[in-house]
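**Q** Per the numbering used here, the sequence shown runs over residues 242 to 622.
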Amino acid sequence: MFPAILDLTSTQLAAAEPDEYIRALMRWHFGEETGSPFWLRRARSLDFDPIADVRTYADLSLFPNVVDEFREAAVEDLIPRGLRGEDRAVAGVFESGGTTGAPKRFVMFESWAEFALGWDEFHYSGLGTANLLAVAPSGPHMFGDFAQRRARRQNGLKFTVDLDPRWIKQLIGRGAMDEVERYTEHLVDQAAHIMTTQSVGILVTTPPLLERIARREELVERIRKDVRFICWSGAHMDADSRDIFRREIFPGIPLKGLYGSTTVLGMSRERPWQHPDGPVGPVGPVGPDGAAELDAPAVFDPPSPYITFQVVDPETRTEVAVGERGQVVMNHLTKYALIPNNLERDLARRVDPLPGTLGCAVSDVAPVSTFGSQTVIEGVY
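#1: Taking all protein chains shown into account, decide if Arg283 is buried (16 or more other Cβ within 10 angstroms of its Cβ) or exposed.
#2: Look at Tyr577 and Asp328 and say whether their C-beta atoms are less than 9 Å apart.
#3: Can you find the residues in the same chain that come closer than 7 Å, C-beta to C-beta, to Ala332, ignoring five residues on each side of it along the sequence?
#4: Could you check whether Leu287 and Phe304 sit closer than 9 Å to each other, using their CB atoms as the reference points?
#5: Could you check how far apart the C-beta atoms of Val445 and Ala377 are, in whole angstroms? I think they sit under 8 Å.
#6: If we ignore side chains and look at the alpha-carbon of each, how far apart do Trp269 and Asp403 end up?
#7: Decide if the segment 438-457 is in contact with the segment 559-573; the criterion is three or more beta carbon pairs, one per stretch, under 8 Å apart.
#8: Check whether the segment 386-396 touches the segment 453-460, counting contact only when three or more Cβ pairs, one atom from each stretch, lie closer than 8 Å.
#9: Looking only at DSSP bridge pairs, what is Phe350 linked to?
#10: Per DSSP, what are the beta-bridge partners of Met508 in this structure?
#11: Which word fits Asn306, buried or exposed, when buried means at least 16 other C-beta atoms lie within 10 angstroms of its C-beta?
#12: When you compare each of Asp587, Gly567, Ala602, Val561 to Asp542 by their alpha carbons, which one comes out closest?
#13: Just tell me which of Pro594, Val609, Val592, Thr549 has its CA closest to the CA of Tyr298.
#14: Do the segment 460-472 and the segment 424-439 meet, that is, are 3 or more Cβ pairs less than 8 Å apart?
#15: Is it buried or exposed for Asp593, if we count other Cβ within 10 angstroms and need 16 for buried?
#16: Which parts of the segment 540-583 are runs of the beta strand (DSSP E), unbroken and 3 residues or longer, counting only runs that do not cross its ends?
#17: Starting from Ser604, follow the beta strand (DSSP E) in both directions and report where the run begins and ends.
#18: Would you kindly work out how many angstroms separate the C-alpha atoms of Lys219 and Gly338, rounded to a whole number?
#19: Could you spell out where the alpha helix (DSSP H) holding Ile263 opens and where it closes?
Next comes the structure, spelled out in structure tokens:
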């Protein structure tokens, strides 16, 4: 049996006793009876003893970033031996986008996938039954699976326009912008046919594709008429674009972002914004004069202690001060997987975390220009 503190229902206990949680996690992932073959084998090459030496959240910095090894690791070796019964039910094998080389592969478990999606549940409360259109990657990508789960939770149907983000990145990389244009319009054409013939209450897509959809007046009108919620993820949205979408193009429709990574098997949620002197209005935050204040970047909170963020100086790897920009480091810390110190291909501003949580929140996220000697091409995802 796994320690009770590692149970996903023990969030409050884990948050209240973070060091105990970390110690239990080390015993789980590096115990012969419970750890995965990957980590039990990898431990032999570490210059420290995870069980003896990793006693606090700060001690996780002892670990190297091992995610590049997930490009070729056998996925069976990533499954902790201690998982039993429902905890061992696999939702799928998902891959990273392949932006910086061959994709990395990760095992997603049903129990964790449902918990991770539920982390964002409050944004959808009150929507009722709604069909969902996902103009997003499916196949080996986590994005499509989470969209399917969201549709089920809304007692609705999922419509899909598939896209291959790796192909678009290849086209951009070799300068074939005419082909990029044709492919992107092909995606929007498919979305248009669904939106004009079917009932769609939730639109899930990426910021570049949302911008393309917004170029078509008939689709903007259809979204204003039918869509009750827009969720964006998979690429970055700057504060100005977010402001234009919320104030001018889709006023009155909640527009919420998710920021995460397949590499940490989950995402963070956009923090509800509350003006210190006024309420949150129908199109977003409003100040005491009633004017909407929408041009601040979104702030994202991860589901601590299971996923945590840090923001570090790219050169020294030391944590930056609150309010300063740096490179995002993500940690996945559950009984299902241990993925510590993953340096992401994103820059962000460090924000104070919510009370009782580990790490920090992030805002103003944007991709780095190069990562591991590879040019980063964001494309449409």
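Backbone N, C-alpha and C fix where the C-beta goes; we use that ideal spot for every residue, glycine too.
Note that the structure is a prediction, hence the values are computed from the model and not measured.
**A** Here's the rundown:
#1: With 16 or more neighbouring CB atoms inside 10 Å of its own CB, Arg283 falls in the buried class.
#2: Between Tyr577 and Asp328, the C-beta spacing is below 9 Å.
#3: Only residues of its own chain outside the window of five on either side were considered, and among them Met349, Phe350, Glu351, Ala354, Asp386 have a CB closer than 7 Å to the CB of Ala332, listed in chain order.
#4: Contact: yes.
#5: In this structure Val445 is in contact with Ala377, their Cβ atoms being roughly 6 Å apart against a cut-off of 8 Å.
#6: In this structure, the alpha-carbon of Trp269 lies about 38 Å from that of Asp403.
#7: Too few Cβ pairs lie closer than 8 Å, so no.
#8: At 8 Å Cβ cutoff, the stretches do not touch.
#9: According to the DSSP secondary-structure assignment, Phe350 is paired through a beta bridge with Val331.
#10: Answer is Gly501.
#11: Classification for Asn306: exposed.
#12: For the options Asp587, Gly567, Ala602, Val561, the alpha carbon positioned closest to that of Asp542 is the one of Ala602.
#13: Looking only at Pro594, Val609, Val592, Thr549, the smallest Cα-Cα distance to Tyr298 is reached by Thr549.
#14: By the Cβ criterion, the segment 460-472 is in contact with the segment 424-439, since at least three pairs of Cβ atoms, one from each stretch, lie closer than 8 Å.
#15: When all chains shown are included, Asp593 counts as exposed.
#16: If we require 3 residues or more, the beta strand (DSSP E) runs fully inside the segment 540-583 come out as 540-542, 548-553, 566-574.
#17: Per DSSP, Ser604 belongs to the beta strand (DSSP E) from 602-608.
#18: No answer is possible for residue 219: the residues shown for the chain start at 242 and end at 622.
#19: Unbroken alpha helix (DSSP H) run through Ile263: 259-270.
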